[in-house]
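> Right, I'll just put the structure down here and ask away after.
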Amino acid sequence: MTDSVKAQAGVRQPAPRMAKPEVHAAAPALGWYTDEVLFGECWERSALCKRDRSLVTVAALITSCYTAQMTGHFGRALTNGVRPAEIAETITHLAFYAGWPCAMSAVAVMQQVFASNGVGLEQVSPTTSKDLPLSRPLTTQQARSVAPALEEFSQRVLEEDLWQRTELAPRDRSLVTIVCLIVQSQTEQLTEQLQRGLANGLTRVEIAETVTHLAFYAGWPRARAALPVLEAVFAQSGLA
Amino acid sequence: MTDSVKAQAGVRQPAPRMAKPEVHAAAPALGWYTDEVLFGECWERSALCKRDRSLVTVAALITSCYTAQMTGHFGRALTNGVRPAEIAETITHLAFYAGWPCAMSAVAVMQQVFASNGVGLEQVSPTTSKDLPLSRPLTTQQARSVAPALEEFSQRVLEEDLWQRTELAPRDRSLVTIVCLIVQSQTEQLTEQLQRGLANGLTRVEIAETVTHLAFYAGWPRARAALPVLEAVFAQSGLA
Amino acid sequence: MTDSVKAQAGVRQPAPRMAKPEVHAAAPALGWYTDEVLFGECWERSALCKRDRSLVTVAALITSCYTAQMTGHFGRALTNGVRPAEIAETITHLAFYAGWPCAMSAVAVMQQVFASNGVGLEQVSPTTSKDLPLSRPLTTQQARSVAPALEEFSQRVLEEDLWQRTELAPRDRSLVTIVCLIVQSQTEQLTEQLQRGLANGLTRVEIAETVTHLAFYAGWPRARAALPVLEAVFAQSGLA
Numbered sequence: 020m021t022d023s024v025k026a027q028a029g030v031r032q033p034a035p036r037m038a039k040p041e042v043h044a045a046a047p048a049l050g051w052y053t054d055e056v057l058f059g060e061c062w063e064r065s066a067l068c069k070r071d072r073s074l075v076t077v078a079a080l081i082t083s084c085y086t087a088q089m090t091g092h093f094g095r096a097l098t099n100g101v102r103p104a105e106i107a108e109t110i111t112h113l114a115f116y117a118g119w120p121c122a123m124s125a126v127a128v129m130q131q132v133f134a135s136n137g138v139g140l141e142q143v144s145p146t147t148s149k150d151l152p153l154s155r156p157l158t159t160q161q162a163r164s165v166a167p168a169l170e171e172f173s174q175r176v177l178e179e180d181l182w183q184r185t186e187l188a189p190r191d192r193s194l195v196t197i198v199c200l201i202v203q204s205q206t207e208q209l210t211e212q213l214q215r216g217l218a219n220g221l222t223r224v225e226i227a228e229t230v231t232h233l234a235f236y237a238g239w240p241r242a243r244a245a246l247p248v249l250e251a252v253f254a255q256s257g258l259a
Numbered sequence: 020m021t022d023s024v025k026a027q028a029g030v031r032q033p034a035p036r037m038a039k040p041e042v043h044a045a046a047p048a049l050g051w052y053t054d055e056v057l058f059g060e061c062w063e064r065s066a067l068c069k070r071d072r073s074l075v076t077v078a079a080l081i082t083s084c085y086t087a088q089m090t091g092h093f094g095r096a097l098t099n100g101v102r103p104a105e106i107a108e109t110i111t112h113l114a115f116y117a118g119w120p121c122a123m124s125a126v127a128v129m130q131q132v133f134a135s136n137g138v139g140l141e142q143v144s145p146t147t148s149k150d151l152p153l154s155r156p157l158t159t160q161q162a163r164s165v166a167p168a169l170e171e172f173s174q175r176v177l178e179e180d181l182w183q184r185t186e187l188a189p190r191d192r193s194l195v196t197i198v199c200l201i202v203q204s205q206t207e208q209l210t211e212q213l214q215r216g217l218a219n220g221l222t223r224v225e226i227a228e229t230v231t232h233l234a235f236y237a238g239w240p241r242a243r244a245a246l247p248v249l250e251a252v253f254a255q256s257g258l259a
Numbered sequence: 020m021t022d023s024v025k026a027q028a029g030v031r032q033p034a035p036r037m038a039k040p041e042v043h044a045a046a047p048a049l050g051w052y053t054d055e056v057l058f059g060e061c062w063e064r065s066a067l068c069k070r071d072r073s074l075v076t077v078a079a080l081i082t083s084c085y086t087a088q089m090t091g092h093f094g095r096a097l098t099n100g101v102r103p104a105e106i107a108e109t110i111t112h113l114a115f116y117a118g119w120p121c122a123m124s125a126v127a128v129m130q131q132v133f134a135s136n137g138v139g140l141e142q143v144s145p146t147t148s149k150d151l152p153l154s155r156p157l158t159t160q161q162a163r164s165v166a167p168a169l170e171e172f173s174q175r176v177l178e179e180d181l182w183q184r185t186e187l188a189p190r191d192r193s194l195v196t197i198v199c200l201i202v203q204s205q206t207e208q209l210t211e212q213l214q215r216g217l218a219n220g221l222t223r224v225e226i227a228e229t230v231t232h233l234a235f236y237a238g239w240p241r242a243r244a245a246l247p248v249l250e251a252v253f254a255q256s257g258l259a
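Chains as they are written, first to last, in the numbering used here: chain V, 20 to 259; chain E, 20 to 259; chain R, 20 to 259.
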């Protein structure tokens, strides 16, 4: 730690140890940043509640298919108040946004975490129909697309079915979609989803804090790449 | 399922179960989307044959290094008519486009799948020379590059060697390269490879359906990001 | 191998076998490219020393969270002269740039590699303070940001602490940051880090060769996407 940082050091007690002892042994600085900065500061900031931070973290891990970290963070999400059905629905939602392979890998970890936390599968309500949504004739707008089938799936399956499901609130659905786009650095599509998120009840402070949280979980560059998009959308929404 | 979707529901039999029982138990909606939409609809669309869908899926998994899903999809690829040598060559091709680590991880899974499917390694023809392609003096164009060695490798190893190998048809080589670029969201380089793909015999319908298929395997945002590029290339080729 | 390549074939002895026997058995061409081109040519080029190539490779693997390849390349890095403390610090540095999950996965592999190579953990100096760097009042510039907390973390933790740590030379810190940005295709942020890298002592030749090396480890498209940025930065620096 440099002098300029030491000069800022205060009287606070050391943060509780969050990083595993092996991390502290093999990479002490990483252990220290984990305890003091990531958990000691970032997770404690009130701009985003811990339940939301867990949802953001879980969505980031699913999007990147980082299965090794899912066990710990799925468990922490339960502790922080994310309901089992919400975790299952986040995985289902991200099947469409991060891709099927990520969702399938995440379900396997989720089951183990539920089992070891005594979460019965009856808590994941089987709210699904056995009716098959038949594909429909294309609308004019879809037909003009270069990939009309993709547009038809988007409208019928994502918009009119997935986004309407009640297992995850629209605000949370927007939150995990925004996380997915930031992790994938899909800055162009982020504009539309930020607008939708604001309409669904996310606040400007929550969105900015989500980006800050993601700096730690998806890396500084991906977080920074999102900032100009936030700025433009907030300005457009009269929130800047 | 919402009313608007229920209204579309028809008399068809439920699709066969494709998702594992655990997925149906822990995330019923995800199981349902997997059976009814991904396999019941998307895989059944005739715009791209199942052999090609398997090749596209395999290429997407290799590009993302999603080893957990490779076992199932390498096996399905064999069933759908992708030849063992084509799988090995797709991995070899993507070593250059997705990077060596992905290829090395994929080879390990491929070997296990071949073994458990009774595929002898004599089916992977050892068409490789022991001669070393010596590096060459740079051409004028390469020398002007900021990274002339990269350009020399591109020309000598990729263009004049890899792309000329007969284990994978040029059309299939273009297909897996296009998949790789869409999964990586390399939209700028996609233009050139789409033009090459059309020249190599891919049709506009097959390319658009590849993007639709990839929406499920790489996520909606990556598929959507490719659409403007398709549109521009098709328009330029007089195919729009 | 095509005739045009065969025509170039020379009298050199075949390169030593680097790819595993299983790779040679199941995907002979991939084995051949690995031995002859990747290790026989690329790694032997003098434009970047092997120690730096190892650092670049390790940084690429950490950024992509490719744990399967880390064992081999962490061991090779030790052989090539990267010090244990430098590996630990590269992981710590990339916790911030590639994200915490990648760093945590990498630490676990690093420990195993250190243990099996007889590297004692006393070689990873515990240069970390127990003092907590308190967050500070925002500067005017940070306060204008859409995510002021992110800017405050950037300045206080990354710039004034992480980048000042002596476990990794500024030049190496720049190198692994540049690798991370190329692997993530964050071309916009690459400009600033290339300028910083040149200021920290990286040469134009080393940077261009890093991109060439990354073509093999992160794929041709990600390497190619970086070239226009190199060109612009080198031109601006009067180095073109």
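Even for Gly, the Cβ is constructed at its ideal location relative to N, Cα and C.
Using CA coordinates, which residue listed in R:Leu-246, R:Pro-40 and R:Gln-255 is at the minimum distance from Val-202 (chain R)?
The residue you call residue 202 (chain R) lines up with position 183 of the third sequence. When each option's Cα is compared against that of Val-202 (chain R), the closest is R:Leu-246.
> Can you find a C-beta in chain V that's less than 9 Å from the C-beta of Cys-84 (chain R)?
In the third sequence, counting from the first residue as 1, residue 84 (chain R) sits at position 65. Yes, its Cβ sits closer than 9 Å to a Cβ of chain V.
> If Leu-194 (chain E) and Pro-240 (chain R) are in contact, beta carbons under 8 Å, what's the gap, nearest whole angstrom?
Position 175 of the second sequence, counting from 1, holds the residue named residue 194 (chain E). Position 221 of the third sequence, counting from 1, holds the residue named residue 240 (chain R). The Cβ separation is near 16 Å, so there is no contact.
> Excluding the five sequence neighbours on either side, which residues of its own chain have a C-beta within less than 7 Å of the C-beta of Leu-67 (chain E), listed in chain order?
Looking up residue 67 (chain E) in the second sequence gives position 48. Closer than 7 Å at Cβ, skipping near neighbours: Glu-225, Glu-228, Thr-229 and His-232.
> Taking only three categories from DSSP, how would you classify Leu-187 (chain R)?
Translated into positions along the third sequence, residue 187 (chain R) becomes position 168. Coil at Leu-187 (chain R), not helix or strand.
> Please report the straight-line C-alpha distance between Leu-187 (chain E) and Pro-47 (chain R), rounded to a whole angstrom.
For this step, residue 187 (chain E) is matched to residue 168 along the second sequence. For this step, residue 47 (chain R) is matched to residue 28 along the third sequence. Straight-line Cα distance between these residues: approximately 14 Å.
> Along chain V, which residues have their Cβ under 9 Å away from the Cβ of Leu-177 (chain R)?
Locating residue 177 (chain R) in the third sequence gives position 158, where the first residue counts as 1. Going along chain V in sequence order, the residues near Leu-177 (chain R) (Cβ under 9 Å) are Trp-239.
> Expressed to the nearest angstrom, what Euclidean distance is found between the alpha-carbon atoms of Thr-196 (chain R) and Val-56 (chain R)?
Numbered from 1 along the third sequence, position 177 holds the residue referred to as residue 196 (chain R). Numbered from 1 along the third sequence, position 37 holds the residue referred to as residue 56 (chain R). Rounded to whole angstroms, Thr-196 (chain R) to Val-56 (chain R) spans 26 Å at the Cα level.
> Quick check on the DSSP output: the alpha helix (DSSP H) that includes Thr-86 (chain R) runs from which residue to which?
Along the third sequence, read from residue 1 onward, the residue named residue 86 (chain R) stands at position 67. If you look at Thr-86 (chain R), you'll find it in the alpha helix (DSSP H) that goes 86-98.
> For Ser-204 (chain R), tell me which candidate among V:Asn-219, V:Gln-214 and V:Gly-238 has the shortest Cα-Cα distance.
The residue labelled residue 204 (chain R) in the question sits at position 185 within the third sequence. Comparing Cα positions, the closest option is V:Gly-238.
> Start and end of the alpha helix (DSSP H) containing Gln-260 (chain R)?
Because chain R in this structure spans residues 20 to 259, residue 260 (chain R) falls outside the shown range and cannot be described.
> I want to verify the contact list: residues of chain E whose CB lies under 9 Å from the CB of Thr-109 (chain R), in sequence order.
Within the third sequence, numbered from 1, the residue matching residue 109 (chain R) stands at position 90. Under the 9 Å cutoff, chain E gives no residues; its nearest Cβ is about 17 Å from Thr-109 (chain R).
> Give me the Cα-Cα distance between Arg-215 (chain E) and Phe-115 (chain E), rounded to the nearest whole angstrom.
As a working note, residue 215 (chain E) is residue 196 in the second sequence. As a working note, residue 115 (chain E) is residue 96 in the second sequence. Their Cα atoms are separated by approximately 17 Å.
> Step through the CB atoms of chain R and report whether any lies within less than 9 Å of the CB of Glu-55 (chain E).
Locating residue 55 (chain E) in the second sequence gives position 36, where the first residue counts as 1. Not one chain R Cβ lies under 9 Å of Glu-55 (chain E).
> Given Lys-25 (chain V), which residues of its chain have a CB within under 6 Å of its CB, disregarding the five upstream and five downstream residues?
One-based indexing of the first sequence puts residue 25 (chain V) at position 6. Annotation note: pLDDT 43 at Lys-25 (chain V) (below 50); position unreliable, no value reported.
> Quick check: the Cα distance between Thr-210 (chain R) and Gly-118 (chain R), rounded to an integer number of angstroms?
Position 191 of the third sequence, counted from the first residue, corresponds to residue 210 (chain R). Position 99 of the third sequence, counted from the first residue, corresponds to residue 118 (chain R). Those two C-alpha atoms are separated by around 20 Å.
> Would you list, in chain order, the members of the region 204-217 of chain V that have their beta-carbon closer than 8 Å to a beta-carbon of chain E?
Ser-204, Gln-205, Glu-207 and Gln-208
> Does any residue of chain V bring its CB to less than 9 Å from the CB of Ala-125 (chain E)?
As a position in the second sequence, residue 125 (chain E) is number 106, starting the count at 1. No, Ala-125 (chain E) does not count as interfacial toward chain V.
> In whole angstroms, give me the CA-to-CA distance for Ser-154 (chain R) and Ser-173 (chain V).
Along the third sequence, one-based indexing puts residue 154 (chain R) at 135. Along the first sequence, one-based indexing puts residue 173 (chain V) at 154. Cα-Cα distance, rounded: 44 Å.
> I'd like the list of long-range same chain contacts for Pro-167 (chain V), defined as Cβ closer than 8 Å, with 5 residues on each side in sequence excluded.
As a working mapping, residue 167 (chain V) is identified with position 148 in the first sequence. Leu-157 and Gln-161, listed in sequence order.
> If we ignore side chains and look at the alpha-carbon of each, how far apart do Thr-98 (chain E) and Val-132 (chain E) end up?
On the second sequence, residue 98 (chain E) is found 79 positions in, with the first residue counted as 1. On the second sequence, residue 132 (chain E) is found 113 positions in, with the first residue counted as 1. In a straight line, the C-alpha of Thr-98 (chain E) is about 12 Å away from that of Val-132 (chain E).
> Below 8 Å CB to CB, which residues in the same chain sit around Glu-105 (chain E) once its five sequence neighbours on both sides are set aside?
Taking the first residue of the second sequence as 1, we reach residue 105 (chain E) at position 86. The answer, listed in chain order, is Leu-74, Glu-186, Leu-187 and Asp-191.
> Closer than 9 Å, CB to CB, is Phe-253 (chain V) near chain R or not?
By 1-based counting over the first sequence, the position of residue 253 (chain V) is 234. True, the Cβ-Cβ gap to chain R drops below 9 Å.
> In the structure shown, what three-state DSSP assignment does Thr-109 (chain E) receive?
Residue mapping note: residue 109 (chain E) aligns to position 90 of the second sequence, counting from 1. Three-state result, Thr-109 (chain E): helix.
> Starting from Ala-234 (chain R), find everything on chain E with Cβ-Cβ shorter than 9 Å and list it in chain order.
On the third sequence, position 215 is the one that residue 234 (chain R) refers to. Neighbours of Ala-234 (chain R) on chain E, chain order: Phe-115, Gly-118, Ala-166, Leu-169, Phe-172 and Ser-173.
> Taking the alpha carbon of Pro-189 (chain R) as the point to measure from, which residue in R:Ala-218, R:Asp-71 and R:Met-89 has its own alpha carbon closest?
Walking along the third sequence from the start, residue 189 (chain R) turns up at place 170. Minimum Cα distance to Pro-189 (chain R) is reached at R:Ala-218.
> Hey, does Pro-103 (chain E) have any beta-carbon neighbour from chain V nearer than 9 Å?
By one-based count along the second sequence, residue 103 (chain E) stands at place 84. So no, Pro-103 (chain E) is outside the interface.
> From the DSSP output, in three-state form, read off Met-123 (chain V) for me.
Translated into the one-based positions of the first sequence, residue 123 (chain V) becomes position 104. Helix.
> So, Val-143 (chain V) versus Thr-109 (chain V), is the Cβ gap smaller than 9 Å?
Along the first sequence, read from residue 1 onward, the residue named residue 143 (chain V) stands at position 124. Along the first sequence, read from residue 1 onward, the residue named residue 109 (chain V) stands at position 90. In this structure, Val-143 (chain V) keeps its C-beta atom at 9 Å or more from the C-beta atom of Thr-109 (chain V).
> Do you know how far the Cα of Pro-35 (chain V) is from the Cα of Cys-95 (chain E)?
Taking the first residue of the second sequence as position 1, residue 95 (chain E) is located at position 76. Taking the first residue of the first sequence as position 1, residue 35 (chain V) is located at position 16. Cys is not the amino acid found at residue 95 (chain E); the sequence shown has Arg there. Cα-Cα distance, rounded: 49 Å.
> Give the residues from the region 187-205 of chain E that approach chain R closer than 8 Å (Cβ to any Cβ), ordered along the chain.
Per Cβ criterion, the list reads Cys-199, Leu-200, Gln-203, Ser-204 and Gln-205.
> Closer than 8 Å by C-beta to Gln-212 (chain R): which residues in its own chain qualify, once you throw out the five before and the five after it? Chain order, please.
Walking along the third sequence from the start, residue 212 (chain R) turns up at place 193. The answer, listed in chain order, is Ser-193, Thr-196, Ile-197 and Leu-200.
> By the 10 Å Cβ neighbour count, where 16 or more other Cβ atoms means buried, how is Ser-83 (chain V) classified, buried or exposed?
By one-based count along the first sequence, residue 83 (chain V) stands at place 64. Buried, since its Cβ has 16 or more Cβ neighbours within 10 Å.
> Rounded to whole angstroms, how far is the Cβ of Thr-86 (chain R) from the Cβ of Ser-124 (chain R), which I believe are closer than 8 Å?
As a first step, residue 86 (chain R) is located in the third sequence; it is residue number 67 there, counting from the start. As a first step, residue 124 (chain R) is located in the third sequence; it is residue number 105 there, counting from the start. Correct: roughly 5 Å between the Cβ atoms.
> Just the Cα atoms here: how many angstroms apart are Gln-183 (chain V) and Arg-175 (chain V)?
Position 164 of the first sequence, counted from the first residue, corresponds to residue 183 (chain V). Position 156 of the first sequence, counted from the first residue, corresponds to residue 175 (chain V). Distance between the alpha carbons of Gln-183 (chain V) and Arg-175 (chain V) is about 11 Å.
> Flag Val-165 (chain E) as yes when its Cβ comes closer than 8 Å to any non-hydrogen atom of the ligand FMN, and as no otherwise.
Ligands are entirely absent from the displayed structure, and the ligand FMN is therefore not among its contents.
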